[in-house]
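Mapped onto full-length UniProt numbering, the consecutive letters of the sequence shown carry residue numbers 1 to 435.
Even glycine gets a Cβ: it sits at the ideal position worked out from N, Cα and C.
Computed from a predicted structure; not experimentally measured.
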Amino acid sequence: MKQLHKQASPVPHLRDVEMNPYTYSPKSHAKQPRSLLQRFIHYIFKEQRFLFILVGILIASTFFIMQPTLSRLTHSDPRFPVGLVDHESVSRFGEIGVMSAAVGRVPVGIGRKRLRIVVTGGAGFVGSHLVDKLIGRGDEVIVIDNFFTGRKDNVMHHFGNSRFELIRHDVVEPILLEVDQIYHLACPASPVHYKYNPVKTIISFCSTNVMGTLNMLGLAKRIGARFLLTSTSEVYGDPLEHPQKETYWGNVNPIGVRSCYDEGKRTAETLTMDYHRGADVEVRIARIFNTYGPRMCLDDGRVVSNFVAQAIRKQPLTVYGDGKQTRSFQYVADLVNGLVALMEGEHVGPFNLGNPGEFTMLELAQVVKEAIDPSAAIEFRENTADDPHKRKPDISKAKDLLNWEPKVPLREGLPLMVSDFQNRILNEEEGKGQK
């Protein structure tokens, strides 16, 4: 019995063995196949990817919610950066996709799509008021100006507006932009330039009216933008028809002292219509009659600005000839409304944009005297050659097709111009006194 006990003792009894519950088993660690849904959930939650997705959705939602609020911010918001750039900075526009040319046909009104618009000569007298109108209705505006006659002060109140950009550039050189509409106003219109330096002026005018217009028409063709040319009543010359309709071909002296401006604008109209007929470019042509208002150049040689500046400076009002030649004068806000109506309309033109109210030069001088200094003297001088005897627009076409006509009479608009001139002349004299 002892022998049997000794032989059996090395073999432990099964119940005496302490079983380890964590004993390794290959089957327990075999990878179980996962479904597609399980693998997707595992990917999302691994390394906090789900958190990043939630943050992205939150940022995108915030942007779309805030977009209407951002669109209503005024141009005076100081948080926006100054909108003055050099020509080189516009290269980024090439990265922006071309917007549909059909956008240019969206009527002005509630719910209209914001347009991207370029205004050449936008720092000038008329151009700056047009910029005010376009910015005020919510569009993005790019001003191109070489500051030959334009002034930075005319558009400085838009600096800081994200929807405004100012580019110092001469339109005689090509430029690449992506816009929906092009208002082409760039061209010196002052008689001072073409009267006293005709050779230099004709070169400058031809470059601007021909090359500048060609470049802007080429841009319009390339990007599918609508193009508006601001022509002039000077294309009628010294008219034999009174008042002048758009169908009148004019009476222009091609070798006169004024011809460099007259013929330059006639050439620009020809180019515009050639691009319309030959390249299917959407174009509009406006023939602008005498315009006055704030921001006119103080000494640009045009009769209204001459009279107002002379009266404020206590100088005699200079009347050329006998003073019986007539002109019609429209306030700049009326002109701007006409330009916008023409651009947004469906008619090529040309359209006369002017005020049919007709005044002789002596009558205009009297209105200026009443507004500034009734005691102002009048000084008569010899008239210049080829000065038109009469100039008055027939605007029945604009009334019928554009539903436009001027609203501001001369005696209401002139005081607004006088106030602007008084402030600028006062600042000018104070600046001279400090030197």
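Exercise. So who's on the other strand from Pro393, going by DSSP bridges?
Worked result: Gln244
For this session: Identify every residue that forms a DSSP beta bridge with Tyr261.
Result: In the DSSP output, where bridge partners are listed per residue, Tyr261 has none listed.
For this session: Go ahead and pull the three-state DSSP assignment for Asn352.
Result: strand
Exercise. What three-state label does DSSP hand Asp145 in the structure shown?
Worked result: strand
For this session: Compare the beta carbon distance of Glu358 and Ser328 with 7 Å and say whether it is the shorter of the two.
Result: yes
Exercise. Would you call residue 458 buried or exposed, if buried means 16 or more other Cβ atoms sit within 10 Å of its Cβ?
Worked result: Only positions 1 to 435 of the chain appear in the structure, and residue 458 is not among them; the question remains open.
For this session: Let me know the secondary structure DSSP gives Phe421 once reduced to three states.
Result: helix
Exercise. Bridge partners of Tyr183, per DSSP?
Worked result: Val119 and Leu228
Problem set entry | Terminal residues of the beta strand (DSSP E) in which Ser328 lies | Thr326 to Ser328
Exercise. Hey, would you say Leu228 sits closer than 7 Å to Tyr183, going by beta carbons?
Worked result: yes
Problem set entry | Buried versus exposed, by CB contacts within 10 Å (16 or more), Glu429 | exposed
Exercise. Does DSSP put Leu84 in a helix, a strand or coil?
Worked result: Low confidence applies here, because Leu84 scores a pLDDT of 46, under 50, leaving its location unreliable; read the following figure in that light. Three-state result, Leu84: strand.
For this session: With DSSP as the reference, label Phe289 as helix, strand or coil.
Result: coil
Exercise. Around the Cβ of Tyr24, are there at least 16 other Cβ atoms within 10 angstroms (buried) or fewer (exposed)?
Worked result: Residue placement at Tyr24 is flagged as unreliable, the pLDDT there being 47, under the threshold of 50; a coordinate-derived value is accordingly withheld.
Exercise. With a CB to CB cut of under 7 Å and the five nearest residues on each side skipped, what residues in its chain are close to Cys206?
Worked result: Gly264
Exercise. Among Asn383, Lys369 and Glu344, which one has its Cα closest to the Cα of Trp404?
Worked result: Glu344
Exercise. Does the beta-carbon distance from Thr326 to Thr360 come in below 7 Å?
Worked result: yes
Exercise. So what's Phe359 in DSSP terms, helix, strand or just coil?
Worked result: strand
Exercise. For Gly338, which residues of its own chain have a beta-carbon under 6 Å away from its beta-carbon, when the five flanking residues on both sides are left out?
Worked result: Leu353 and Trp404
Exercise. With burial defined as no fewer than 16 other Cβ atoms inside 10 Å of the residue's Cβ, what is the status of Asp322: buried or exposed?
Worked result: exposed
Exercise. Near Pro243, what residues of its chain come up, given a Cβ to Cβ distance below 8 Å and the 5 sequence neighbours on each side ignored?
Worked result: Pro356, Lys392, Pro393 and Asp394
For this session: In angstroms with no decimal places, state the Cα-to-Cα distance between Ile425 and Pro388.
Result: 30 Å
Problem set entry | Three-state secondary structure (DSSP) of Thr318 | strand
Exercise. Using a beta-carbon distance below 7 Å, is Leu353 in contact with chain D?
Worked result: You won't find chain D in this structure, because it holds only one protein chain.
Exercise. For the ligand MN, is there a heavy atom less than 6 Å away from the beta-carbon of Leu298?
Worked result: Looking at this structure, you won't find the ligand MN or any other ligand, since it has none at all.
Exercise. Three-state secondary structure (DSSP) at Arg112?
Worked result: coil
For this session: Indicate whether Val143 and Ile135 have their beta-carbon atoms separated by less than 7 Å.
Result: no
Exercise. To the nearest whole angstrom, what separates the beta carbons of Glu178 and Ile223, a pair I think is in contact under 8 Å?
Worked result: 6 Å
Problem set entry | Identity of the residue in Ile59, Val119, Gly127 and Ile288 nearest Cys297 by Cα | Gly127
For this session: Entirely within the region 267-312 and at least 4 residues each: give me those alpha helix (DSSP H) ranges in chain order.
Result: 303-312
Exercise. Three or more C-beta pairs closer than 8 Å, one from the region 143-153 and one from the region 163-171: is that the case here?
Worked result: yes
For this session: Give the DSSP-derived three-state secondary structure of Gly237 in the structure shown.
Result: strand
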